[in-house]
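Take the UniProt record's numbering: the final residue in the sequence shown is number 325, and no numbers are missing along the way. Yeah, the Cβ is synthetic: ideal placement off N, Cα and C, and Gly gets one too. The structure displayed is predicted, hence computed values, not measured ones. Scroll down for the structure; my scribbles are underneath it.
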Amino acid sequence: MSGSNSGDPPDEPGDTDREQRDRSAGTSQPPPAAEEPSRNDPPAATASEADADGVTIEDDGVLRWFLHTDDETVVMARDVLSSVAIVAAVGLLLFAVSGIWPPLVAVESGSMEPNMHKGDLIFVVDDDRFVGDNPAAGTGVVTLENGQESGHEKFGNPGDVIVYQPNGDPSEIPVIHRAHFWVEEDENWVETKASEEIVGDATCTEIATCPAEHAGFVTKGDANDGYDQYGNGISDIVKPEWVTGKAMYRIPWLGNVRLTFDKLLGGMLVPTSPSSQSLQDPTAATVTPAGADAPGFGGDGDLAVAAGLASVGAGAAVAVGRSRR
């Protein structure tokens with residue numbers, strides 16, 4: 001009897017489906033790999049670069065646009081504002097230390113030589129700051145006379161160098177000289193304290209400021225032959241309230257920046273004081289708002305103090321004054 005092979009089981013429908021899936025899986029291809037960028041293609045912009053290039057007022061606001069835009073005009077404005085901020089910060093720091101404004105004066109000539117020279121920049125402070133030993137009565141100023149005893153020295157000699165308004169007149173040009181000694185009201189200072197090398201055989205009756213009408217300082221430029229209150233006729237005895245500052249440190253040559261600006265502008269930074277034209281003595285170191293070539297201002301020791309800006313380093317600047325004689 002013929003019949004089918006009973007040893008082989010008949011195929012089931014599920015087996016056929018699995019075989020088809022297996023064959024399909026074996027013949028399927030992997031997904032294509034991502035293309036690598038060509039060496040010649042430009043690098044993709046970073047997020048920060050894209051923000052900087054695409055910043056707009058509408059999307060980012062005025063402040064962020066101003067800080068990040070590449071517009072040339074805005075970049076220049078940012079640089080100017082940065083410089084102004086540096087100037088303001090330096091000025092505030094100097095004011096905080098010195099307590100006066102301006103805290104710097106530029107030396108115009110040589111009445112204080114060899115300890116101050118033309119073109120030097122002098123840092124000044126309020127007279128009640130950094131007080132040395134044995135100051136004059138009720139002040140923060142150590143005179144040359146007291147400095148010789150206490151050992152207090154400034155700018156090569158005993159005693160403090162002060163800036164003061166002659167006769168207390170704010171329209172006069174301030175003077176920067178060394179305080180030599182303190183006198184009391186009605187004191188015959190020519191005979192009691194003045195140096196014979198300076199006054200010679202002069203008597204009190206021959207000098208307009210003697211006897212002293214009030215207590216105060218007798219002053220003198222280091223390079224000058226006479227006191228400001230004798231011979232030079234710069235000022236009466238200097239009352240403490242006439243003192244506007246006390247010199248502390250010297251920076252060589254930096255004051256030339258301030259003096260150059262004033263010369264180029266013809267003294268326009270600060271107008272000339274009419275009352276200053278009568279000061280003909282070249283040995284009085286006064287603080288003048290006029291230019292170096294103004295009438296009545298010449299000779300040794302010219303020093304002028306006026307509000308202005310002097311550049312420091314590569315763009316920082318500080319408020320500087322001029323001072324004369």
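For this session: Can you tell me which of Arg-250, Thr-244, Thr-73 and Asp-70 puts its alpha carbon nearest to the alpha carbon of Arg-129?
Result: Thr-244
Exercise. According to DSSP, is Glu-49 helix, strand or coil?
Worked result: Because the pLDDT of Glu-49 is 41, which lies under 50, any placement of that residue in the model is unreliable, and the number read from its coordinates should be weighed accordingly. Reduced to three states, the DSSP call for Glu-49 is helix.
Exercise. Any idea what DSSP makes of Leu-254, helix, strand or coil?
Worked result: coil
Exercise. Val-218: which of Asp-201, Tyr-249, Ile-251 and Ile-176 sits nearest, CA to CA?
Worked result: Ile-176
For this session: In angstroms with no decimal places, state the Cα-to-Cα distance between Phe-261 and Asp-133.
Result: 39 Å
Exercise. For Val-124 versus Val-90, is the C-beta spacing smaller than 9 Å?
Worked result: no
Exercise. Rounded to a whole number of angstroms, what is the C-alpha to C-alpha distance between Glu-241 and Ser-82?
Worked result: 38 Å
For this session: Could you name each continuous beta strand (DSSP E) segment of 3 residues or more that falls completely within the stretch 93-145, going from the start of the chain to the end?
Result: 104-107 and 121-125
Problem set entry | His-152 versus Ile-122 - alpha carbon distance | 19 Å
Exercise. Which partner residues of Asn-224 appear in the DSSP bridge assignment?
Worked result: Asn-224 is not bridged to any residue.
Problem set entry | Same chain only: Cβ atoms within 7 Å of Glu-199, ignoring 5 sequence neighbours per side | In the sequence as displayed, the identity of residue 199 is Val instead of Glu. Result list for Val-199: Val-190 and Tyr-230, in chain order.
Exercise. According to DSSP, what are the bridge partners of Lys-154?
Worked result: Asn-157
Problem set entry | Cβ-based burial, His-180 [other Cβ within 10 Å; buried from 16] | buried
Problem set entry | Classification of Thr-56 by the beta-carbon crowding that lies within 10 angstroms, buried from 16 upward | exposed
Problem set entry | Classification of Lys-263 by the beta-carbon crowding that lies within 10 angstroms, buried from 16 upward | exposed
Exercise. Would you call Val-161 buried or exposed, if buried means 16 or more other Cβ atoms sit within 10 Å of its Cβ?
Worked result: buried
Problem set entry | CA-to-CA distance, Asn-188 to Glu-196, given in whole angstroms | 14 Å
Exercise. Cβ of Gly-255 within 9 Å of Cβ of Asp-120?
Worked result: yes
Problem set entry | Pairwise C-alpha distance: Arg-258 and Arg-78 | 25 Å
Exercise. Would the beta-carbon of Lys-239 fall within 9 Å of that of Gly-156?
Worked result: no
Exercise. Over what stretch of residues does the alpha helix (DSSP H) that includes His-68 continue unbroken?
Worked result: 62-68
For this session: Leaving aside the five residues before and after Gly-138 along the sequence, list all residues of the same chain whose C-beta is less than 8 Å from its C-beta, in chain order.
Result: Pro-240
For this session: Could you check if Ser-235 is buried or exposed, using at least 16 other CB atoms within 10 Å of its CB as the buried criterion?
Result: buried
Problem set entry | Short Cβ contact (9 Å threshold) for Ser-150 with Asp-126 | no
For this session: State the Cα-Cα distance for the pair Val-141 and Tyr-249, rounded to the nearest angstrom.
Result: 15 Å
Exercise. Near Thr-192, which residues of its chain fall below 6 Å by C-beta distance, leaving aside the five closest residues on each side in sequence?
Worked result: none
Problem set entry | Distance, Gly-233 Cα to Val-75 Cα | 55 Å
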